[in-house]
Amino acid sequence: MKAAYIEHTGSINEIKIGDLPHPQVHTDEVLIRVEAVSANHVDTFVRSESFKTNQSFPFIIGRDAVGTVIEMGSNVKEFQLGQRVWTNSMGYDGRQGTYAELISIPSNRLFHVPTRVNALQLVASVHSSATAAILLNDVFDTTPNHKILIEGAGGHVGQKIVELARLKNLEVFTTSRSSDFDQLMILGASQTFDYHDPIKKISEKFDYIIDTSGKVELQSNLDSLNQNGQLALITAPVSNQFQFKVREFYTNQKSIKGFVISHAGLPQLQSAAKVINHAFEKNRLLNDELLILPIEEAQLAHSMLENNENHRKRIVLTLKK
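Here full-length UniProt numbering is used: the first residue of the sequence shown is 1, the next is one more, and so on.
So this is what it looks like as structure tokens:
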């Protein structure tokens, strides 16, 4: 079968396109014929080993995929042959990835594609959408009618957080480029602010803040939280350093939480899948602008991601049937 794989971690030049043996299907696995995969920054981190994880070589890269069930292990009962399915947690922690014609996936990491949902839009969305769902439901355990500030909301993850936060009846505030304001209001933002301005200019105080950018000083974010407020960081500043006033922090019972989806537990991923599939059924979370390339362009896709040349489009790689 055709696959994009590496034999060593390293630069994009390590990515090879070639034939690998068909995967074995174990008793609790499902074999799918892949229609499309999304290319994510985290795929480049795994390939380059800047995110260290268990790998066996040759290693098929990629995490997300959408495709059709063509074979099932003897213990699998919840899927049917010919059914369209998706996954978003392959390609790390010892699991082979998704950039291949055929992949064998543990059934508990596989989810149904809702009826009438565009498969390419879905696979482009699942990484960011699952990140957003876990942040809101597990990292924060948000409750309705509270205020949330999403910094860097114009990006892929930021937009998904806005949309899901509004569906959870949170009052949503955002920072972004001014060119993103109209789209963020459509997605559910109550108020939008230019990310160039210091957040101390925002008069509101928040119960939750999510920093997707790493460009806001930690103390500024803490100052903008209510008592018992929570801050989530999903990236870091270039300096990898922050300072904050410790006494003021703990006496107001504020908290700082870090999150990367690669460390999400299986129950969290499964819960997130239910949330985002429900949203997909309502035609939500499916508004990404796509750059569609063939799987043979995996090197180009990784190069564009590493050099920020995808112009904020989600890269989807397709496989010929």
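Cβ coordinates follow ideal geometry from the N, Cα and C atoms, glycine included.
What runs of the beta strand (DSSP E), each 3 residues or longer, lie entirely inside the segment 37 to 81? 65 to 72
Looking at F181 and L149, is the spacing between their C-beta atoms short of 8 Å? no
Which first and last residues belong to the beta strand (DSSP E) in which P294 is found? Membership of P294 in the beta strand (DSSP E) is indicated by the continuous run L290 to P294.
Contacting residues, own chain, Cβ-Cβ under 6 Å from N226 (five flanking each side not counted): K205 and D207
With DSSP collapsed to three states, give me the class of L136. helix
Does the Cβ-Cβ distance between R47 and I17 come in under 8 Å? No, the Cβ-Cβ distance between R47 and I17 is not below 8 Å.
Test item: CB-CB of G158 and T115 under 8 Å: no
Give the secondary structure of F259 by DSSP, where H, G and I count as helix, E and B as strand, and everything else as coil. coil
With the cut-off set at 8 Å, would you say G91 and T68 are in Cβ contact? Result no, Cβ atoms of G91 and T68 do not sit closer than 8 Å.
Paired residues, beta bridge with S176 - DSSP: The partner list for S176 (beta bridge, DSSP) reads D194.
Segments of 4+ residues assigned as alpha helix (DSSP H) that fall wholly inside the segment 202 to 280: 218 to 223 and 246 to 251
Beta-carbon proximity list for L286, same chain, < 8 Å, skipping 5 on both sides: V117, N118, Q121, L122, S125 and F280
Take the Cβ of A165 as the centre, count every other Cβ of all protein chains shown within 10 Å, and call the residue buried at 16 or more, exposed below. buried
Please state whether the Cβ-Cβ distance between L293 and N108 is less than 8 Å. no
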